[in-house]
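Peer 1:
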Ligand code: GLA
């Protein structure tokens, strides 16, 4: 990059910072998500660690997994965050700056981010709060917080998991806030995933720092799914239900559904528990070789609707009946209630779910929807008799009405718009991205935040459940260089009136030659 290009980039970046911090930037904000509107429902995506560990994480694996995620219907179901975990992604130069590992990631970490964004997905990266990552294969952020978070912003990360290895002498409640400040200073909206495995009890203080925090140790060693370990994690995470809500989630780790060693019933149970606990739905299996049964489980829109409910309540065990657990306390955005009957035992369980269990008066007349069989019964009064096979679940949605609307699931065709302008080409350029809602409602029009740079304007038009963002760039008067902006848009879920997670995408304008203004001088 020439010195001049660096200067013209610096001006739009400063503008961008104002755009991003304009709404929030409030140091007294109670929630981190008040600053950026992110993760108001639990993040959904994929990380490689559970299945692969460090090897063979590389660009090829991530790209193949992106393709599998799109092909399998997971993108349409709402999974969006994807990228390497501890996969030897970068090293530190003598100057202190982070640099991409081009042997493993030939496009560089920014290039991989662009690829992910252009598939309509969001880019996740990984680092550590200590001196090194766990295997010591990568540098940690200690002492380099601000320059590292700047590098992550330049690589266009949308989600960063920050681990807790090699942190002797550090405490989570001071190390992580520093990283939060560094992220805000870097100016890019980023979902912050704290990963101290419950150390420092982040559920007590981290809602103002990040959007989710691990509550427990790892769910498994790479490639070795463990049902008992998963059950231990569920027991610990269940107790923390009061700490979860929109923008601040308990994270019981990436899922193991679809890994080898688990039965179909266990896959279904684990997924249902994660949905009922409003846990981040980060798949950890090999998406390239999933069975049809795993795909069906991971893409069940009705079950995902429980997880992505705008109220963001974490369900809990309200009663036990023999071995069986009755999970409830999860009111949903339309006034209906989710109830999970989980049978961790070895023999079938027969349970009577009462209207009271589900949060209704005992005399209520109710409709019951089974979210795994997709059958509705009712209207009916009295208890609901449920039979559950060993290690299986029944997941019910119970309502006073017979309609069971799905909350919004937002799917974009791209999260990056790239314009090229030169003296010879037209100076007004237009490109659109389409954003659709796979939930039941037609959404109000997305509202684009003010404060875009003068070379960019965005208008939104609606056709049914798809909205089109038309981006118009005008290179007139711009000198040669690279210009970048992040567009932010907000919306509200129409049934509850609650805010939805903010939508962000990148716009790049490359001006080569004198497009209209004074040339490169
Ligand atoms: C920790 C985390 C895991 C994974 C590994 C990488 O154990 O909890 O999820 O990121 O580090 O080394």
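Residue numbers (this note's numbering): 10 to 530.
The beta carbon of each residue, even a glycine, is placed where N, CA and C say it ideally should be.
Quick one: what does DSSP say residue 30 is sitting in, helix, strand or coil?
Peer 2: For residue 30, the predicted model reports a pLDDT of 37, less than 50, meaning its position is unreliable and no value from the coordinates is stated.
Peer 1: Here's a check: name, in chain order, each residue in its chain whose Cβ is nearer than 7 Å to the Cβ of residue 262, leaving out the five neighbours to either side.
Peer 2: Excluding residues within five positions, the ones whose Cβ falls inside 7 Å are 223, 225, 227, 228 and 242.
Peer 1: Going by Cα to Cα distance, which pick from 275, 59, 41 and 235 is closest to residue 296?
Peer 2: Measuring from the Cα of residue 296, the nearest candidate turns out to be 59.
Peer 1: By DSSP's criteria, residue 53 is part of a beta bridge. Which residues make up the other side?
Peer 2: According to DSSP, residue 53 bridges with 290.
Peer 1: So does the region 50-58 actually touch the region 278-293, counting three or more Cβ pairs closer than 8 Å?
Peer 2: Cβ pair count under 8 Å is three or more, so yes.
Peer 1: Do the region 232-239 and the region 195-214 touch if we need at least three Cβ pairs shorter than 8 Å?
Peer 2: Touching, no.
Peer 1: Excluding the 5 residues flanking residue 146 on each side, which residues of the same chain have their C-beta closer than 8 Å to its C-beta?
Peer 2: So the qualifying residues of the chain are 63, 95 and 97.
Peer 1: Please return the same chain residues whose Cβ sits closer than 7 Å to the Cβ of residue 119, not counting the five positions on each side in sequence.
Peer 2: Contacts found: 163, 164 and 165.
Peer 1: Tell me whether residue 227, by its Cβ, gets closer than 7 Å to a heavy atom of ligand 1.
Peer 2: Residue 227 Cβ: within cutoff of ligand 1.
Peer 1: Does the separation of the CB atoms of residue 299 and residue 279 fall below 8 Å?
Peer 2: Going by C-beta atoms, residue 299 is not nearer than 8 Å to residue 279.
Peer 1: Looking at C-alpha atoms only, which residue of 404, 362 and 400 is the closest neighbour of residue 394?
Peer 2: Nearest of 404, 362 and 400 to residue 394, Cα basis: 362.
Peer 1: Is residue 94 near ligand 1, with its Cβ less than 7 Å from a heavy atom?
Peer 2: Checking every heavy atom of ligand 1 against the Cβ of residue 94, one is found closer than 7 Å.
Peer 1: Kindly provide the ranges of any beta strand (DSSP E) runs that are 3 or more residues long and lie completely inside the region 353-397, ordered along the chain.
Peer 2: Runs found: 358-362, 374-379, 384-390 and 393-397.
Peer 1: So what does DSSP say about residue 437, is it helix, strand or coil?
Peer 2: It is a strand residue.
Peer 1: Exposed or buried, residue 7, counting other C-beta atoms within 10 Å across all chains shown (16 or more means buried)?
Peer 2: Residue 7 lies beyond the stretch modelled for the chain, which goes from 10 to 530, so this question has no answer here.
Peer 1: Please identify the residue among 251, 465 and 414 whose C-alpha is closest to the C-alpha of residue 426.
Peer 2: Ranking the options by Cα distance to residue 426, first place goes to 465.
Peer 1: Distance check for residue 135 and residue 169, CA to CA, integer angstroms please.
Peer 2: Each residue's alpha carbon lies about 5 Å from the other.
Peer 1: Would you kindly check if the distance between the Cβ of residue 348 and the Cβ of residue 407 is under 8 Å?
Peer 2: Yes, the Cβ-Cβ distance between residue 407 and residue 348 is below 8 Å.
Peer 1: Work out the CA separation of residue 480 and residue 330 for me, nearest whole Å.
Peer 2: Their backbone Cα atoms lie some 57 Å apart in a straight line.
Peer 1: How far does the alpha helix (DSSP H) with residue 126 in it extend, from its first residue to its last?
Peer 2: Unbroken alpha helix (DSSP H) run through residue 126: 117-127.
Peer 1: In angstroms with no decimal places, state the Cα-to-Cα distance between residue 124 and residue 76.
Peer 2: Going by the C-alpha atoms only, they are around 11 Å apart.
Peer 1: Could you spell out the range, first to last residue, of the alpha helix (DSSP H) harbouring residue 304?
Peer 2: Looking at the DSSP string, the run of the alpha helix (DSSP H) that includes residue 304 is 301-307.
Peer 1: Compute the Euclidean distance between the alpha carbons of residue 519 and residue 431, then round it to the nearest angstrom.
Peer 2: Rounded to the nearest angstrom, the two C-alpha atoms are 8 Å apart.
Peer 1: Residues in its own chain within less than 6 Å of residue 469 by CB, not counting five upstream and five downstream?
Peer 2: Same-chain partners within the cutoff: 454, 455, 476 and 478.
Peer 1: Taking 8 Å as the threshold (C-beta atoms), are residue 504 and residue 343 in contact?
Peer 2: Contact: yes.
Peer 1: Please work out which residues of its chain come closer than 7 Å, Cβ to Cβ, to residue 89, disregarding the five sequence neighbours upstream and downstream, and give them in chain order.
Peer 2: The answer, listed in chain order, is 53, 54, 130 and 131.
Peer 1: Hey, how far is the Cα of residue 449 from the Cα of residue 376?
Peer 2: So the two alpha carbons sit approximately 18 Å from each other.
Peer 1: State the CB to CB distance for the pair residue 266 and residue 276, rounded to an integer number of angstroms; the pair is presumed to be in contact (CB under 8 Å).
Peer 2: At roughly 4 Å, the Cβ-Cβ gap stays under 8 Å, so residue 266 and residue 276 are in contact.
Peer 1: State the Cα-Cα distance for the pair residue 272 and residue 85, rounded to the nearest angstrom.
Peer 2: Going from the Cα of residue 272 to the Cα of residue 85 covers about 25 Å.
Peer 1: Mapping DSSP to helix, strand and coil, what is residue 204?
Peer 2: If DSSP states are grouped into helix, strand and coil, residue 204 belongs with the strands.
Peer 1: Are the Cβ atoms of residue 332 and residue 339 separated by less than 8 Å?
Peer 2: It is not a contact, given that the beta carbons lie outside the stated cut-off.
Peer 1: What do you get for residue 396, buried or exposed, if any count of 16 or more other CB atoms within 10 angstroms of its CB means buried?
Peer 2: Exposed.
Peer 1: Is it buried or exposed for residue 473, if we count other Cβ within 10 angstroms and need 16 for buried?
Peer 2: Exposed, by the Cβ-count rule.
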